[in-house]
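Structure, as structure tokens:
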Amino acid sequence: MALSTAPAIVRGEPLTAAAAMKRPSRFGDKAFEWLTLAMALTVIVLIVLTGWQLWQGSTLAIKKFGFHFLVTSTWDPVAEQFGALPFIYGTLVSSLIALLIAVPLGIATAAYLTELAPLWIRQPLVSLIEMLAAIPSVILGLWGIFVMIPWLRDYPFPWLRRLFGWTPFFSGSIYGPCMLAGGIIIAIMILPIITSVSREILRSVPDLQREAAYGLGATRWEATRIAVLSYAKKGLFGAVILGLGRALGETMAVTMVIGNTPQIAASLFKPGYTLASVLANEFTEATTDMYLQALFAIGLVLFGITILVNLLAQLLLRTIAKTSATRAVQ
Amino acid sequence: MRFERAHNHTWRKIKNALAVGIAFGSGILVITPLGLVFFYLLNNGIGSVNWDFFTKLPAPVGALGGGMANAIVGTLQLLALAGVIGIPVGVLGGVYLAEYGSARLNSFLRFLADVLNGIPSITWGVVVYGLIVLRFKGFSAYAGGLALALIMIPLILRTTEEVILLVPNGYREAALALGVSRWKTIVHIVMKTASKGIITGILLALARIGGETAPLLFTAFGNRFWNHNLSEPIAALPLQVFTYAISPYDDWHRQAWAGALVLVTGVFCVNILVRILTRGRGASVA
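Shown next as structure tokens:
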């Protein structure tokens, strides 16, 4: 075993009499290999442990409510009736709003950074986007409460209602904290990751593509659209799904601006609630066992959704990496 | 015919200019929140960052003044606890992925680590709550540190692996040819060569978890006083910012801004340090 993993150069073992006399002990090597293997295997342990712990913590609730937990919308800790539908709805809708805002902006910025921008702008802009990614969620939430929400309430929201008030999505009174504000703050949080992953994808498009388009007389935009963006479609989709995964699990900033009311309302001006925010708000308040069980079940739902979305994203991004590598070789 | 072609050409140029303009606008829009957050942090926070802020405990409800000394120290303690668990596990795991293992097992582990990086941080809070807080009947600094460590592990694992793979094979072969054992080669030659990159990865992970709030809500829990015992609840800067931000008191809001400014300054200092460290990396490895 040790021989097969060792580099070719030590495979030839004792060549000289001196080396034959003093064979090096293999104990250190074995121990170190096993130690590092154990550490590497923690990633499997972590996933299994998380799934097991969340399941373990919510068995009673799952037994009591079963599938109804996912499709009913009463959340009443006093009567011990728990249904997660408003939270699932809130998570999906706020993430969808975030994607609608962040995907076009993120991909356009990535295209700007790799294809369209003057060279001197690129590095500073990348650095600034990395800085945006480094802002802790709670600080964006603080800014959301005291700066973004008052501004949204005074300017864009009334304007949206005047324009689109005839649709159910932008009707009703404007409170401030609401589903739309939650979606916007999530969009800000996921923009850096969508932009930087999309940028990596676009950078991996072989130059031959661009050269061919320019050779045919394409303008910069035409080359970007025909030769780069359409070529990278699948990878960009992977970036979007990765962004979706982050959006679904975003916690602090959303909790601070979404209003935290478990309801399903068509109007985006109404407060909502997400899976992650109900955990953040109510976990320490869970006074009864069933309440805690229900919250563990919420955690399980969130874990299940995000793990599936992330699996999909990683699979998409990996196939891209492989195909673009083989294409580059050809 | 000629006119049409000229017209078509102009139209294409206009379209090109429009597209570049829109893409530029998107780039500006993406970084606008960064500018705004910075402006308001400085504007609302700088006045309250003073000597008291760094040296005093939070004032009781209703009283003005006080500081976040315990939260700043608490965050450092939590980072130390998380580092004690997260750094060795992450770094050694990364070493395995880069130096040992079959291609198939490694790509599977790498894949899982990437999936783990996308799991919401609050999940780790729930898991540690079930594992530690329920079992030992109480919130504690240990629980908070563990929750943060679990976030660190996949992050450090991946960055360590990447920088170790950058070390040229010639280094390993030279050491092995001199009769140095495999593990000593890895520790003394490979990891030493990649140490700058490994430290960069660790620093980035610390900066990331230093700002985490969600996993601490029901593990570290927060504390308005000094923590003298790590099996008791402990304060953390991001937790304190959250508590103060959603409180109804103006004086607490003022302090939340100050806390946020200090936290962001810390996170950005680490990021700038990383940038300085990585500037010469390509040269040193090659």
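Note that the protein sequences, when read in sequence, are chains E and Y.
Residue numbering for the first sequence follows this note's numbering, starting at 1 and increasing by one per position.
Residue numbering for the second sequence follows this note's numbering, starting at 1 and increasing by one per position.
In this text, a Cβ means the ideal position worked out from N, Cα and C, and glycines have one as well.
Would you mind sorting Y/P168 into buried or exposed? The rule is 16 or more other CB atoms within 10 Å of its CB. Here residue 168 of chain Y refers to the residue found at position 168 when the second sequence is read from its first residue. With fewer than 16 other Cβ atoms within 10 Å, it is exposed.
Inset, instruction - Return the CA-CA distance between Y/H9 and Y/K15, expressed in angstroms with no decimal places. - result: Here residue 9 of chain Y is taken as the residue at index 9 of the second sequence, counted from 1. Here residue 15 of chain Y is taken as the residue at index 15 of the second sequence, counted from 1. For Y/H9 and Y/K15, the distance between alpha carbons rounds to 10 Å.
State buried or exposed for Y/C269, treating a residue as buried only when at least 16 other CB atoms are found within 10 Å of its CB. Walking along the second sequence from the start, residue 269 of chain Y turns up at place 269. Flag for Y/C269 reads exposed.
Q) In this structure, what does DSSP give as the bridge partners for Y/G66? A) Against the second sequence, residue 66 of chain Y aligns to sequence position 66. Per DSSP, Y/P58.
Please look up how many angstroms separate the CB atoms of E/I320 and E/K234, rounded, as I've assumed it's under 8 Å.
-> Residue 320 of chain E sits at position 320 when you count from the first residue of the first sequence. Residue 234 of chain E sits at position 234 when you count from the first residue of the first sequence. Contact flag correct, Cβ pair sits at about 6 Å.
ask   = Going by C-alpha distance, which of E/F269, E/S277, E/A223, E/G299 is nearest E/L116?
value = Position 116 of the first sequence holds residue 116 of chain E. That would be E/A223, whose Cα lies nearest to the Cα of E/L116.
- Item | 7 Å CB neighbourhood of E/F87 in its chain, flanking five on each side removed | Here residue 87 of chain E is taken as the residue at index 87 of the first sequence, counted from 1. Hits under 7 Å: P262, Y273, T274, L275, V278, I298.
query: When the distance is taken between beta carbons, is Y/A71 closer than 7 Å to Y/G54?
result: Translated into the one-based positions of the second sequence, residue 54 of chain Y becomes position 54. Translated into the one-based positions of the second sequence, residue 71 of chain Y becomes position 71. Here residue 54 of chain Y is Phe; the residue named in the question, Gly, does not match the sequence. No, these two residues do not count as a Cβ contact at 7 Å.
Whole-angstrom C-beta distance between Y/T160 and Y/G94, which should lie under 8 Å: Along the second sequence, read from residue 1 onward, the residue named residue 94 of chain Y stands at position 94. Along the second sequence, read from residue 1 onward, the residue named residue 160 of chain Y stands at position 160. Right, their Cβ atoms sit about 3 Å apart.
Would you mind working out which of Y/G101, Y/N50, Y/A207, Y/S231 sits nearest Y/K137, comparing C-alpha positions?
Along the second sequence, one-based indexing puts residue 137 of chain Y at 137. With distances taken between Cα atoms, Y/K137 lies closest to Y/S231.
Quick check on Y/W226: does DSSP put it in helix, strand or coil? Sequence index remark: in the second sequence, residue 226 of chain Y carries index 226 (1-based). Of the three classes helix, strand and coil, the one that applies to Y/W226 here is coil, per DSSP.
query = Which residues in the same chain have their Cβ closer than 7 Å to the Cβ of Y/W257, if we skip the five residues on either side of it in sequence?
reply = The sequence position of residue 257 of chain Y within the second sequence is 257, counting from 1. Excluding positions up to five away in sequence, the list reads L41, N44, G45, S48.
Of the residues that make up the segment 239-251 of chain Y, which ones have a beta carbon closer than 7 Å to any beta carbon in chain E? If the cut-off is 7 Å between Cβ atoms, the segment 239-251 of chain Y has V241, F242, A245, I246 near chain E.
Selected residue, minimal CA-CA separation from E/N310, among Y/E162, Y/G118, Y/Y244, Y/V89: Counting from 1 along the first sequence, the entry for residue 310 of chain E is found at position 310. E/N310 has its Cα closest to that of Y/G118, out of Y/E162, Y/G118, Y/Y244, Y/V89.
message: Can you give me the C-alpha to C-alpha distance between Y/A286 and Y/I164, rounded to a whole angstrom?
response: For this step, residue 286 of chain Y is matched to residue 286 along the second sequence. For this step, residue 164 of chain Y is matched to residue 164 along the second sequence. Here the model assigns Y/A286 a pLDDT of 30, short of 50, so the residue's position is not dependable and the matter cannot be decided.
### Query
Relative to the alpha-carbon of Y/I246, which residue among E/V254, E/L248, E/V301 has its alpha-carbon at the smallest distance?
For this step, residue 246 of chain Y is matched to residue 246 along the second sequence. Considering only E/V254, E/L248, E/V301, the residue with the shortest C-alpha distance to Y/I246 is E/V254.
Nonlocal neighbours in the same chain, by C-beta distance under 6 Å from E/I145, ignoring five residues either side | Taking the first sequence and counting its residues from 1, the one referred to as residue 145 of chain E is at position 145. Counting only Cβ-Cβ distances below 6 Å, and skipping sequence neighbours, we find M256.
Note to self: Runs of 4 residues minimum, wholly inside the segment 231-256 of chain E: which ones carry the alpha helix (DSSP H) assignment?
What the structure shows: The qualifying runs are 233-249.
Checking contacts by CB at 7 Å: is E/N310 closer than that to chain Y?
If you number the first sequence from 1, residue 310 of chain E lands on position 310. Flagged as an interface residue toward chain Y: E/N310, by a C-beta distance shorter than 7 Å.
Partners in chain E for Y/Y171, counting only beta-carbon separations shorter than 9 Å | Counting from one through the second sequence, the residue named residue 171 of chain Y turns up at place 171. Think of a sphere of 9 Å around the beta carbon of Y/Y171: no beta carbon from chain E falls inside it, the nearest being about 11 Å out.
Would you kindly report the start and end of the unbroken alpha helix (DSSP H) that includes E/R203? Indexing the first sequence from 1 puts residue 203 of chain E at position 203. Start and end: 179-203.
query = So what's Y/I28 in DSSP terms, helix, strand or just coil?
reply = As a working mapping, residue 28 of chain Y is identified with position 28 in the second sequence. Annotated three-state conformation of Y/I28 is helix, per DSSP.
Which value, in whole angstroms, describes the spacing of the CA atoms of E/F238 and E/P206? Here residue 238 of chain E corresponds to residue number 238 of the first sequence, with the count starting at 1. Here residue 206 of chain E corresponds to residue number 206 of the first sequence, with the count starting at 1. Contrary to the premise, residue 238 of chain E reads as Gly rather than Phe in this sequence. So the alpha carbons of these two residues sit roughly 18 Å apart.
What's the call for Y/Q77, buried or exposed, on a 16-neighbour Cβ count within 10 Å?
As a first step, residue 77 of chain Y is located in the second sequence; it is residue number 77 there, counting from the start. Per the 10 Å Cβ criterion, buried.
For a quick check, are the C-beta atoms of Y/W183 and E/D29 less than 7 Å apart? Your numbering for residue 183 of chain Y matches position 183 in the second sequence. Your numbering for residue 29 of chain E matches position 29 in the first sequence. A contact, by the Cβ cut-off of 7 Å.
Label E/E211 either buried or exposed according to how many other C-beta atoms from any shown protein chain fall within 10 Å of its C-beta, with 16 as the threshold for buried. As a first step, residue 211 of chain E is located in the first sequence; it is residue number 211 there, counting from the start. Classification for E/E211: exposed.
Self-check item: the segment 62-71 of chain E / the segment 167-181 of chain Y touching (three or more Cβ pairs under 8 Å)
Solution: Contact fails: fewer than three Cβ-Cβ distances are below 8 Å.
#### Entry: DSSP-derived helix/strand/coil call for Y/F218
Locating residue 218 of chain Y in the second sequence gives position 218, where the first residue counts as 1. Coil.
task = Grab the span of the alpha helix (DSSP H) containing Y/S107 for me, first residue to last.
result = Walking along the second sequence from the start, residue 107 of chain Y turns up at place 107. Secondary structure note for Y/S107: its alpha helix (DSSP H) is the uninterrupted segment 103-117.
ask   = Is E/Y112 close to chain C, meaning its C-beta is less than 7 Å from at least one C-beta of that chain?
value = Checking the listed chains, one finds no chain C in this structure; the protein chains it contains are E and Y.
Name the residue from E/R199, E/W143, E/I185, E/I97 whose alpha carbon lies nearest to the alpha carbon of E/E350.
Because residue 350 of chain E is not part of the residues shown, which for chain E are 1 to 330, the question remains open.
Check your understanding: Using the beta-carbon count (16 or more within 10 Å), is E/I135 buried or exposed?
Key -> Position 135 of the first sequence, counting from 1, holds the residue named residue 135 of chain E. It counts as buried.
Q | Close-in-space but distant-in-sequence residues of the same chain around Y/V127 (CB under 7 Å, 5 per side omitted) | A | The count along the second sequence starts at 1 and reaches residue 127 of chain Y at position 127. Closer than 7 Å at the Cβ level, and outside the excluded window around Y/V127, lies no residue.
**Message:** Less than 7 Å between CB atoms is the rule here; does Y/Y142 satisfy it with respect to chain E?
**Reply:** The count along the second sequence starts at 1 and reaches residue 142 of chain Y at position 142. Judged by the 7 Å Cβ criterion, Y/Y142 is not in contact with chain E.
**Prompt:** Does the beta carbon of Y/V20 sit closer than 7 Å to a beta carbon anywhere in chain E?
**Reply:** In the second sequence, counting from the first residue as 1, residue 20 of chain Y sits at position 20. Answer yes: the Cβ-Cβ gap between Y/V20 and chain E drops below 7 Å somewhere.
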